[in-house]
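Number of protein chains: 2
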Amino acid sequence: MEQAVRKIALLGMGTVGGGVYEIIERQKEEMPFKIGAALEVVKVLVRNKAKYADRIPAEKLTDVWEDVIGDDSIDIVVEVMGGIEPARTYIKAALEKGKHVVTANKDLMAMHGHELLELAGEHHCDLLFEAAVAGGIPIIRPLKQCLAGNNITEIMGIINGTTNFILTKMKEDGMDFGEALQLATDLGYAEADPTADIEGYDAGRKLAIMASIAFHTSVTFDDVFTEGITKITAKDMRYAKEMGCSIKLLGIAKNTETGIEVKVHPTMIPENHPLAAVNDSFNAVFVHGDAVDDAMFYGRGAGALPTGSAVVGDIMDVARNMLFHCNGRIGCSCYKNLPIKQIGDTTSRYYIRMRLEDRAGTLAAMAGVFAENDASIAILLQKETIENDAEIVVVTHEVAEKKFMDAIKKFSSMEMVKEISSIIRVYALGNV
Amino acid sequence: MEQAVRKIALLGMGTVGGGVYEIIERQKEEMPFKIGAALEVVKVLVRNKAKYADRIPAEKLTDVWEDVIGDDSIDIVVEVMGGIEPARTYIKAALEKGKHVVTANKDLMAMHGHELLELAGEHHCDLLFEAAVAGGIPIIRPLKQCLAGNNITEIMGIINGTTNFILTKMKEDGMDFGEALQLATDLGYAEADPTADIEGYDAGRKLAIMASIAFHTSVTFDDVFTEGITKITAKDMRYAKEMGCSIKLLGIAKNTETGIEVKVHPTMIPENHPLAAVNDSFNAVFVHGDAVDDAMFYGRGAGALPTGSAVVGDIMDVARNMLFHCNGRIGCSCYKNLPIKQIGDTTSRYYIRMRLEDRAGTLAAMAGVFAENDASIAILLQKETIENDAEIVVVTHEVAEKKFMDAIKKFSSMEMVKEISSIIRVYALGNV
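Respectively, the protein sequence lines represent chains A and B. Just so you know, full-length UniProt numbering puts 84 at position 84 of the first sequence, and the rest follows in order with no gaps. Just so you know, full-length UniProt numbering puts 32 at position 32 of the second sequence, and the rest follows in order with no gaps.
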């Protein structure tokens with residue numbers, strides 16, 4: 001048994017940093033057997049040293065980046081501070097010095113992943129980021145290795161736990177969005193500023209990372225269409241249920257013949273789809289490949305120990321690579337440059353709920369507008385009567401977003417249309 | 001781009017072999033970008049060459065093992081013939097010659113995995129076997145790498161598609177076991193001799209492999225308790241449903257303080273458990289670790305292309321290791337030697353359905369026998385009256401198997417007990 005020690009610097013000691021630190025402590029005895037080396041956290045970079053004085057030995061704590069980057073004994077830099085800067089600068093500096101990097105930073109990888117992976121490659125360094133997508137769930141390594149023999153055509157995931165918790169509460173307890181968000185905040189699932197979660201930005205970042213790997217093409221967060229869950233109502237939840245569907249915030253990435261589609265939006269999916277049963281703060285990623293067919297990866301998408309589990313798995317892989325002198329073994333896999341489609345050029349099925357004047361001819365007029373825009377109607381339901389208006393629910397067949405939105409625009413200008421109450425995309429292979 | 005070619009011999013050209021061959025063909029153009037080398041199948045070892053003459057070029061086909069083992073240009077031997085011999089002899093010979101091996105052979109790995117992995121280690125060779133468990137679902141690599149920082153305490157899986165199909169039909173369509181088996185046979189899900197599937201042997205082999213990896217202790221098929229699904233009746237299915245449960249054939253491996261438990265048996269699980277929603281021929285593996293908490297891996301557990309997907313992923317990893325000169329990077333991980341418990345020493349909850357004489361005092365007598373054997377009763381339901389006997393269903397709290405079976409033995413000798421109709425283990429964290 002080689003008695004080597006791999007020295008680690010932790011950048012950040014927030015939720016994830018704390019989890020990583022704890023797991024390394026727990027696994028102290030086992031590590032030499034698992035990776036032929038001990039792991040030792042030798043530096044922890046924080047802003048306020050006093051805050052961690054009771055948990056981290058004083059000689060490890062530092063608030064000076066120079067103490068990390070200037071220490072040639074440090075093999076692995078673990079970036080768990082989050083945000084673009086100074087994380088990006090630190091990671092680049094570490095790679096340039098030949099240090100391996102493990103990061104949980106989705107914001108950074110979704111914007112600058114390609115650049116950082118290329119830099120790691122130039123310096124024969126590992127840059128691993130399993131924790132950047134779906135917390136503890138193994139997904140990056142399965143995509144890069146286990147499923148590498150596939151032509152992956154689709155990835156679809158519930159990759160934000162906060163919104164999944166909110167939607168679960170709306171569905172199961174009939175709560176309104178506001179109520180459910182409040183509960184999520186009270187329970188600590190939602191941050192003080194929940195924008196990144198509820199507007200789908202967080203999911204969009206994770207989707208960009210997965211799409212890049214699955215389709216071998218650099219996809220950044222800017223390429224992802226995002227629509228949040230703030231407009232989902234308890235009524236839409238109920239109507240979805242009546243049609244045998246759940247509403248989930250999905251990240252959907254498709255590799256089509258005309259380009260890559262990457263979008264995050266609330267989606268109606270049939271109850272019998274495996275993703276429909278993923279509730280509360282759990283995450284799951286559904287993958288379709290030409291060989292593996294359907295596969296799904298399910299688990300905790302956040303939290304100190306689950307996310308720490310992914311980070312430590314990466315650290316251990318770096319250490320194994322060091323033992324075998326093969327760091328950089330799995331690097332950037334974006335060898336293609338496929339076009340990325342605009343949202344208008346993608347297709348979907350749509351659920352639309354609206355209020356029409358309750359008189360003869362309105363349904364026909366509405367159907368006519370859909371027909372003019374190539375949106376054929378799969379389901380048409382007349383629901384309640386509200387203040388003398390008829391509430392109508394329509395589900396279309398697959399249609400180009402641009403065409404569908406043209407139809408909606410037309411409705412907005414028609415006097416007989418009193419309100420377009422909601423529009424939700426529908427995912428279904430068969431008929432709803 | 002290095003223009004190296006990795007030469008492959010395929011041992012066997014059955015379902016899985018055909019899938020592997022096809023995927024390698026499909027990925028021809030992409031391979032150099034993915035692994036820095038082309039993959040070429042140069043030999044295909046079969047028993048009857050004529051049978052494959054229309055699919056495989058004649059110069060690649062051979063029925064002589066010497067053509068493979070004697071060919072020093074072959075880098076990777078892919079064993080997809082199945083069974084213990086001659087697979088074991090071939091794999092050993094290949095490793096001794098420094099050839100890397102990828103296998104989908106669960107029978108072999110469940111019996112001789114430890115020996116073969118040690119041999120691979122001695123020769124600095126890769127021996128990869130992702131396809132041996134749960135077909136296309138990535139599970140070996142996630143356990144060995146992504147979740148390596150965890151103390152894994154439990155693995156629970158639906159790891160046999162044939163029995164899951166049968167149980168799904170029994171539940172959803174009210175079929176009896178015989179009917180559902182016939183349907184599975186007609187549809188090609190069950191083999192002509194379905195014993196290995198329906199008696200739980202196939203699942204037991206996969207469980208032994210996963211338990212070895214998760215608990216770092218060599219567990220063989222002989223260590224696994226197996227009970228099949230042949231005694232499950234439509235009535236038990238219905239009663240389970242009434243209690244909010246599904247009956248699934250589960251492989252359950254636990255790492256307890258007193259040793260490792262490995263058992264395959266029909267199990268009632270609550271409907272809200274993620275495994276309960278895994279239907280038809282799909283497989284899924286549920287993992288619990290101290291850091292990651294719960295995770296689940298879902299997909300196709302069999303079939304040419306899904307299983308081929310796992311094999312090709314392994315081949316690509318071997319090729320990558322060759323590029324970086326780090327073969328043998330991930331080898332045997334059984335560095336512990338934990339005791340393995342006998343089934344009698346494990347605990348479970350139990351569902352028991354029996355017919356008692358319908359007179360005063362029988363329930364009290366029955367309850368007394370359970371109490372004497374430390375089996376406390378969680379649920380007691382009087383169901384139908386059959387030929388003047390009362391049909392009783394009891395669900396116990398957690399009790400040692402030995403004690404529970406003592407109670408059953410006692411019942412068998414009691415005149416008031418007319419029939420012990422069925423016994424099914426119950427998995428539930430809370431109350432049923």
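Glycine included, every Cβ here is placed at the ideal spot set by N, Cα and C.
| Item | Value |
| --- | --- |
| Partners in chain A for Q27(B), counting only beta-carbon separations shorter than 7 Å | G149 |
| Contact set for T153(B): own chain, Cβ-Cβ below 6 Å, skip 5 residues either direction | N255 and H288 |
| Straight-line gap, S348(B) to I424(B) (C-alpha atoms, nearest Å) | 10 Å |
| Residue interval of the alpha helix (DSSP H) (run including T89(B)) | A87 to E96 |
| Buried versus exposed, by CB contacts within 10 Å (16 or more), E85(A) | exposed |
| Rounded C-alpha distance that separates C332(B) from I140(B) | 12 Å |
| Delimiting residues of the alpha helix (DSSP H) encompassing G135(B) | Premise fails: G135(B) is in no alpha helix (DSSP H) and is neither H nor E. |
| Proximal residues of chain B, C-beta to C-beta of M13(A) below 7 Å | Those within 7 Å of M13(A) in chain B number zero; the least Cβ separation is about 17 Å. |
| Chain B within 8 Å of E2(A), Cβ atoms only | Note that E2(A) scores a pLDDT of 47, beneath 50, so its modelled location is shaky and nothing firm can be said. |
| Short-range partners of chain A found in the stretch 213-229 of chain B, where Cβ spacing is below 7 Å | none |
| C-beta atoms of A378(A) and P270(A) nearer than 8 Å | no |
| Rounded Cβ spacing between V369(B) and K403(B) (contact assumed at less than 8 Å) | No, V369(B) and K403(B) are not in contact; Cβ-Cβ is about 11 Å, not under 8 Å. |
| Contact set for L45(B): own chain, Cβ-Cβ below 6 Å, skip 5 residues either direction | L11, T62 and V68 |
| Cα-Cα separation, I315(A) to P142(B) | 14 Å |
| Boundaries of the beta strand (DSSP E) in which R349(B) is found, first to last residue | T347 to E357 |
| Residue of I408(A), Y201(A), M109(A) and H216(A) minimising C-alpha distance to A371(A) | I408(A) |
| Proximity of T162(A) and Y189(A) at Cβ, strictly below 8 Å | yes |
| Rounded separation between V133(A) and M156(B) - CA only | 24 Å |
| Local Cβ density within 10 Å of H216(B), reported as buried at 16 or more and exposed below that | buried |
| I23(A): contacting residues in chain B (beta-carbon distance under 7 Å) | G149 and A291 |
| Contact check, R205(A) vs F221(A), beta carbons under 8 Å | yes |
| Those residues which DSSP pairs with A253(B) across a bridge | I155(B) and V262(B) |
| Contacting residues, own chain, Cβ-Cβ under 6 Å from E398(B) (five flanking each side not counted) | T347 and R349 |
| Whole-angstrom distance between A50(A) and R6(A), CA atom to CA atom | 27 Å |
| Close Cβ partners of H48(B) (< 8 Å) along its chain, the five nearest in sequence each way excluded | According to the sequence as given, residue 48(B) is Asn; it is not His. Excluding positions up to five away in sequence, the list reads D63. |
| Amino acids of chain A, ordered along the chain, whose beta-carbon sits closer than 7 Å to that of C125(B) | Going along chain A, no residue has its Cβ under 7 Å from C125(B), so there is no contact; the nearest lies around 13 Å. |
| 8 Å contact criterion, which D374(A) and K418(A) should meet: CB distance rounded | With 8 Å as the limit, D374(A) and K418(A) do not qualify as a contact, their Cβ atoms being about 25 Å apart. |
| Contact under 8 Å by Cβ, E101(A) with A120(A) | Position check: residue 101(A) holds Val in this sequence, whereas Glu was assumed. For V101(A) and A120(A), yes; Cβs fall inside 8 Å. |
| Whether D223(B) touches A208(B) by CB criterion (8 Å) | yes |
| Per-residue burial, E415(B) [other beta carbons within 10 Å of its own, 16 or more giving buried] | exposed |
| Assigned secondary structure, P339(A) (DSSP; H/G/I helix, E/B strand, else coil) | coil |
| Segment contact, 8 Å Cβ cut-off, at least three pairs: the stretch 298-308 of chain B with the stretch 283-298 of chain A | yes |
| Euclidean distance between Cα positions of A234(A) and M210(A) | 31 Å |
| Beta-carbon separation (whole angstroms), D75(B) vs M322(B), contact threshold 8 Å | 7 Å |
| Extent of the continuous beta strand (DSSP E) to which H100(A) belongs | H100 to T103 |
| Whole-angstrom C-beta distance between E401(B) and G344(B), which should lie under 8 Å | 5 Å |
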